[in-house]
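Just below is one structure, and these are the notes that go with it.
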Amino acid sequence: MTYTETLKKAIAKAESMTTGNIYINLGINRKVATKHWEKDEAKRTYIRIDCYTLHGNYKGNYKLGYVDEVTGEYVFDRSAEFDLEIK
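Position 23 of the sequence shown, counted from 1, bears residue number 77 in the working numbering, the numbering being contiguous throughout.
Printed below as a string of structure tokens:
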């Protein structure tokens, strides 16, 4: 699977978790966010769900792992709290 296919699947799965996962209840409004990270030859896109109150105050986030841009695979690392289970 290519990097873009894996990233699209990961974001779609994360967006479905914002409303469908009963364990994610930290905030009221939830948004999927990505962050690009690059160091030497390693390139990654981290995925998380940010939680906000109804007034827009930031409450916290849930880390979901990252997509490796070099290999194109999803990685559930030790800092992630939920596994997207993308194969």
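Just so you know, even glycine gets a beta-carbon here, dropped at the ideal spot from N, CA and C.
Since the structure is predicted, the reported quantities are computational estimates derived from the model, not experimental observations.
- A buried status is given to Y116, since no fewer than 16 other beta-carbon atoms sit within 10 Å of its beta-carbon.
- DSSP places A96 within a strand segment (E or B) once states are collapsed to three.
- When beta bridges are read from the DSSP output, R84 appears opposite C105.
- Less than 8 angstroms separates the beta-carbon of Y128 from that of G119.
- Between R84 and C105, the C-beta spacing is below 8 angstroms.
- Boundaries of the beta strand (DSSP E) around L118: 112-122.
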